[in-house]
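Chains as they are written, first to last, in the numbering used here: chain A, 1 to 432; chain B, 1001 to 1432. Glycine residues also receive a C-beta, built at the ideal position from the N, C-alpha and C atoms.
Protein chains: 2
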Amino acid sequence: MILLKDGLIVPMAGRRAVKGSVLIDGNRIKEVGEVKEKVDAEIDCRHKIIMPGLIDTHIHLAQALLRGCADDIPLVRWLNERVWPLQSTYDPELGSLSAELCIAEMLLSGTTTFLESGLHTKYGIDGIARVVERSGMRGYISKMLMDSPYYANHRMYEGMVEDKDEAMKEALSLFERWNGKGGIRVALAARTHCTPELYREISEMAETLDTIATLHFCEIKEDVSFLRKEYGMSPVEFLEHCGLNNERVTLAHCVWLGDAEGLKANVAHCPASNFKLGSGIAPVKEMLDKGVNVTLGCDGAPCNNTYDLFRDMWLASIAQKARLLDPQVLDAHNALTMATINGAKALRIDSGSIAPGKLADVITIDLKPHLMPVRDPASTIVYSAKGSDVCDVIVDGKVIVENRELKTIDVSKLMDRVEEKGLLPDRLAHFL
Amino acid sequence: MILLKDGLIVPMAGRRAVKGSVLIDGNRIKEVGEVKEKVDAEIDCRHKIIMPGLIDTHIHLAQALLRGCADDIPLVRWLNERVWPLQSTYDPELGSLSAELCIAEMLLSGTTTFLESGLHTKYGIDGIARVVERSGMRGYISKMLMDSPYYANHRMYEGMVEDKDEAMKEALSLFERWNGKGGIRVALAARTHCTPELYREISEMAETLDTIATLHFCEIKEDVSFLRKEYGMSPVEFLEHCGLNNERVTLAHCVWLGDAEGLKANVAHCPASNFKLGSGIAPVKEMLDKGVNVTLGCDGAPCNNTYDLFRDMWLASIAQKARLLDPQVLDAHNALTMATINGAKALRIDSGSIAPGKLADVITIDLKPHLMPVRDPASTIVYSAKGSDVCDVIVDGKVIVENRELKTIDVSKLMDRVEEKGLLPDRLAHFL
Chain A
1 MILLKDGLIV PMAGRRAVKG SVLIDGNRIK EVGEVKEKVD AEIDCRHKII MPGLIDTHIH
61 LAQALLRGCA DDIPLVRWLN ERVWPLQSTY DPELGSLSAE LCIAEMLLSG TTTFLESGLH
121 TKYGIDGIAR VVERSGMRGY ISKMLMDSPY YANHRMYEGM VEDKDEAMKE ALSLFERWNG
181 KGGIRVALAA RTHCTPELYR EISEMAETLD TIATLHFCEI KEDVSFLRKE YGMSPVEFLE
241 HCGLNNERVT LAHCVWLGDA EGLKANVAHC PASNFKLGSG IAPVKEMLDK GVNVTLGCDG
301 APCNNTYDLF RDMWLASIAQ KARLLDPQVL DAHNALTMAT INGAKALRID SGSIAPGKLA
361 DVITIDLKPH LMPVRDPAST IVYSAKGSDV CDVIVDGKVI VENRELKTID VSKLMDRVEE
421 KGLLPDRLAH FL
Chain B
1001 MILLKDGLIV PMAGRRAVKG SVLIDGNRIK EVGEVKEKVD AEIDCRHKII MPGLIDTHIH
1061 LAQALLRGCA DDIPLVRWLN ERVWPLQSTY DPELGSLSAE LCIAEMLLSG TTTFLESGLH
1121 TKYGIDGIAR VVERSGMRGY ISKMLMDSPY YANHRMYEGM VEDKDEAMKE ALSLFERWNG
1181 KGGIRVALAA RTHCTPELYR EISEMAETLD TIATLHFCEI KEDVSFLRKE YGMSPVEFLE
1241 HCGLNNERVT LAHCVWLGDA EGLKANVAHC PASNFKLGSG IAPVKEMLDK GVNVTLGCDG
1301 APCNNTYDLF RDMWLASIAQ KARLLDPQVL DAHNALTMAT INGAKALRID SGSIAPGKLA
1361 DVITIDLKPH LMPVRDPAST IVYSAKGSDV CDVIVDGKVI VENRELKTID VSKLMDRVEE
1421 KGLLPDRLAH FL
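Laid out in C-alpha cells, this is it:
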C-alpha cells in the first residue's frame, strides 16, 4: 500500500478539492481524505496538489524524434514533404527510440495514459510495444491502416499506403499478441480519407474485439469540402455511413466539423497542433454544448512541439475565450475534465478521477512560486501549471516517477542515444 | 570573470547559433565562441542552450498575489469588481510581498528585465523598489498616473484615481530617489483613458528625464469606439494628439488598434492575457509588416496567470498562425526577437543579444527529453521550452540563479509568507 500524505486533493467527478491523503492498495485507490491506516510507503504531499493522471487521446509515438523538423509549413506539405518521407526511412531501432523519448516526456509531465494514432510496420511495432510495457505507462497502440494515397484533394506521399486486407490481418495479429499485456491495449487506427470499406471493417472489428478505434477527422477545411464533393455528405453523415459514429470511436482534431449535432463519437481536440499548423481553432464550446465528449491530445513533436498536456489544457481553455471574445467560456474546470474524466470515458478506462475503487493513476504537482497562492486548484492546474511541475506519477498503483525522477527509463542514456541517432542528418539533408 | 562553457549559443541580432562559450567580464559580455582565457568561475553548459535573458515589457508587480482571484470574467468587471478593489486594500507589506513573488517567478523563468505598468502609492513603492534592488533584476518601476474614473464607456472603481498634479509630483520624486539605483530605472506610467492633458505632460516629462513612458492602449474593442466618440480620432491620431506616438512610449495590448500605419510607439503584445480575458488576438503580423517594434508582456497573475515569457513567446507565434490560418507567419525566430532584441530597443537597454560589449544579461536552458533533439534552437526555445527549463540566470554580470536556485531571494520563506498573508481571505470574502 502507498499513501500520498497530506496534500490538496483535486478529485474531479463533481467533487470539491479537499485537504487530505490518498491511500492506494494494489492498482486501485482505496481511501481518500483522512486516512489512518499504517502503510509501508509514504509520499509527503504537504506542498503538493494530488490529482488524476492526465489522459492524452491523440499522440504519435514515432514523431518524437522529428521535433523541430517541420515547423511553419502547412499540413499537406508537412505530411508530404517532411513527416511521411522522414518516417518512411525509420527502422525498428529508430521507432523504439522515438517511442521511448515520447513516453519519457509524457510520464515526466504527468500523462499516465495515451491513445496512439497508428504505427506503421516499419517502425517495429513489437519493439515499440516492449518500450510501452517496460515504461509502466498505460496506452493504446495500433497498426496504422491507410489504403488510399489521397488526402483531401491532394495526392500524397505513397510510401505509407498498404493493401487493406494485409494491413487488417496485421492489426488483428497485433491485437492478439499485445492486448492486455502490462498497461497495453490495442486499438484500431486509420488515417483520414481511407475508403469507406476500410472504415466499415474497422468499426465492425472494434465491436468484435471490444476495443476502440481512432482516426484523424476534419483537421483542415479541405477535408470537409472533400467529403462533400466525393460522397455528397456532411462530416457526421459520412461517419454514420461508415459506421464510425459511436462511442468506441475517437476522432482527432474536428477543427472544421461544423455542426456537431448528432455526433456520438468522441473528439480528441488538439489545440496546440491545430494552432501551429494554422489549421484553425476548433469550435469546442459548441461541441460541449451539444453534449459531445471532447477530450485532449498533444498530437506530435513536429507540430505541437511537445507532449505536455498541461500546455494543451491551458490553450484549450483560453483559445475558446479568444475565439468567442468571451472569457466566461470553457473555464479551468472544463479543461481539466477534458484531460481526465472525458479522456477516461473515450478510452474506456476506469480512471480519470480520485475516488475509492478507481484505478490508481495519480500524479502530484509541486507548489512553486508561479503556482502560489492557490485559490481554486483547478485554476492553478490549468492556468498556471506546466508539465515540469509534476513531481510524482503513479500508474496502476506503481510509482513510476518519484520526485521528478523517472524510474523505468534511464533518461540520461536515452538523451545520449537521441543525440547520437535522433538528428537523422542524412535523411534531413535529403528533404530539408 | 565568468565563463559559460561549451554550450549551444543563440546570439540573436542576425547571427546564427554556434557551439562555444561566453566570457563575461564585469557587467558586459567580453567574448563569444572559442574562449581560451582562464577564469575563476565556470558554468558547465555542455547540455545547455545559452541565450539572452528575456525582456518583459508589460507586467504588474502588485498583481502576483491576486493569482486565480479573477478568472473567467470580462476585463471591465475584472478590474472593477476584483483587481482594483482588492488592490485598494493593499498595504506596503502586501505590495512588497507581491513584488517579491512576481520577481522570484520571473527570475526563475528566465526574465532578466521588466517594465512595470504603474504602481499605486498605497502599495509602498519604496518598499517595492528595495525588493527589486535586492533581487538583482533589471527593471523599470513607476508611479501609476490615473486622473479619470472612466474606462472606455464605463464608470470605474474610483479608489485608484488621484489628482493629476499631486501624482505627477510623486512620480518625479520617485524618479529622483530611485532612477539608476542598482538595476532600477524609473519610467512614467499611465492607465488607459486618462485626460489628454496628463498624457501630454507624461510625454514631455519622459523627454526631459530621458526615460520611457508606458500605458494600456486599445485592449478591448470599446477602447477604440470610446476614442472615436470622445475625440473623433483613430487610435494613432489620438496618440499623436497627446504626444505619445514616439519611441519612448510602450503601449500595452493594442488588440484593437486597427491599422498600425504611422505608429512609432512600441507595442507590448500580451497574448496570454488577451486570450484569457477574451479581449481577442492582436494583429501582430500586420504590425510587424508595418515596421512596428512589437515586444512581449506577461501582464499579471490574475489574467495570464503566470509571469513565464516562454509561454507568451509560444502563444504569440501560434496565435497568429491560427488567426490567419497560415502556419508560415510569425515563426520561432520572430517570437524570440520580440522577447529579446525588440524588448531591449523599447526599454533603451543595451541587452537582448549575446555579443562582445553587450550587457551580460544571459540565461541558460537545460536540455531535457521534451527539448530533444535540437535542430533549430530558436524552435526549441519557442515551441518546446518552458520557463521551468531555465537553469542559470545572469543579470548585469552577476549569477542570480544557478542550477535553478535563486540566490537573492529565500524562496522557501517567501512561499510561507505568501501562504500566510497572500490569500487575503477577508478581502476576498467581501468581493467574491
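Contact of glutamate 402 (chain A) with chain B by beta-carbon distance below 7 Å is absent, the smallest such distance being about 17 Å. For proline 1196 (chain B), the enclosing alpha helix (DSSP H) begins and ends at 1196–1209. Interface with chain B (8 Å Cβ-Cβ cutoff): asparagine 293 (chain A) is excluded.
Ranking B:Met1146, B:Thr1250, B:Lys1169 by CA distance to the CA of methionine 1160 (chain B) puts B:Met1146 first. A Cβ-Cβ separation of about 6 Å places proline 1302 (chain B) in contact with cysteine 1069 (chain B) under the 8 Å criterion. A direct Cα-to-Cα measurement between lysine 48 (chain A) and valine 10 (chain A) gives close to 11 Å. Per the DSSP secondary-structure output, arginine 28 (chain A) pairs in a beta bridge with A:Asp25, A:Leu359. Between tyrosine 1090 (chain B) and chain A, the shortest Cβ-Cβ separation is not below 8 Å.
By the CB criterion at 8 Å, alanine 360 (chain A) and isoleucine 73 (chain A) fall outside the cutoff.
Residue-level contact check: methionine 12 (chain A) does not touch chain B, since none of the beta carbons of chain B fall below 8 Å from its beta carbon.
Residues of chain B whose Cβ lies closer than 7 Å to the Cβ of cysteine 270 (chain A) do not exist, since the nearest Cβ in that chain is about 12 Å away. Short of 7 Å from the beta carbon of glycine 1352 (chain B), and not among the five residues preceding or following it, lie these beta carbons of its own chain, in chain order: Met1012, Pro1052, Ile1055, Thr1340, Ile1341, Gly1343, Ala1344. For isoleucine 1394 (chain B), the secondary structure class from DSSP, reduced to helix, strand or coil, is strand. By the neighbour-count definition (other C-beta atoms within 10 Å, threshold 16), glycine 258 (chain A) is an exposed residue.
With respect to chain A, the C-beta atom of proline 1085 (chain B) has no partner C-beta closer than 8 Å.
Between glycine 1014 (chain B) and cysteine 1045 (chain B), the gap from beta carbon to beta carbon reaches 8 Å or more. Residues Leu1101 of the same chain have their beta carbon placed closer than 6 Å to that of valine 1418 (chain B), with the five preceding and five following residues left out of the count. When C-beta atoms of the region 297–313 of chain A are compared with those of the region 250–270 of chain A, three or more pairs fall below 8 Å, so the two segments count as touching.
For the region 1376–1392 of chain B, residues whose beta-carbon sits nearer than 8 Å to a beta-carbon of chain A comprise Asp1376, Ser1379, Thr1380, Tyr1383, Ser1384, Lys1386, Gly1387, Ser1388, Asp1389. Counted as a single uninterrupted DSSP element, the alpha helix (DSSP H) harbouring aspartate 165 (chain A) occupies residues 164–178. In the structure shown, the three-state DSSP call for leucine 1330 (chain B) is coil. For the options A:Ala129, A:Val255, A:Glu286, the alpha carbon positioned closest to that of arginine 185 (chain A) is the one of A:Ala129. Look at lysine 19 (chain A) here: in three-state DSSP terms it is strand.
Taking 8 Å as the cut-off, the beta carbon of alanine 355 (chain A) is found closer than this to the beta carbon of valine 32 (chain A). Just so you know, the alpha carbons of glutamate 1402 (chain B) and serine 388 (chain A) end up roughly 18 Å apart. By the CB criterion at 8 Å, proline 1092 (chain B) and glycine 1136 (chain B) fall outside the cutoff. In this structure, the straight-line span from the alpha carbon of leucine 65 (chain A) to that of serine 1148 (chain B) is close to 56 Å. Looking at the DSSP output, glycine 300 (chain A) sits in no beta bridge, so it has no partner there. For isoleucine 73 (chain A), the chain B residues whose Cβ falls inside 8 Å of its Cβ are Pro1327, Gln1328, in order along the chain.
In the three-state reduction of the DSSP assignment, alanine 189 (chain A) falls in the strand class.
Note that the C-beta distance between alanine 1282 (chain B) and asparagine 1293 (chain B) is not below 8 Å. Exposed is the label assigned to alanine 41 (chain A), since fewer than 16 other Cβ atoms lie within 10 Å of its Cβ.
Residue burial is scored here from C-beta neighbours: glycine 1180 (chain B) has fewer than 16 other C-beta atoms within 10 angstroms and is therefore classed as exposed. With a 10 Å radius around the Cβ and a threshold of 16 neighbouring Cβ atoms, glutamine 1328 (chain B) comes out exposed.
Shortest Cα-Cα distance from glutamate 1207 (chain B) to any of B:Pro1085, B:Arg1248, B:Thr1113 involves B:Arg1248. The beta-carbon distance between leucine 107 (chain A) and serine 142 (chain A), rounded to whole angstroms, is 20 Å. This is too long to meet the 8 Å contact definition.
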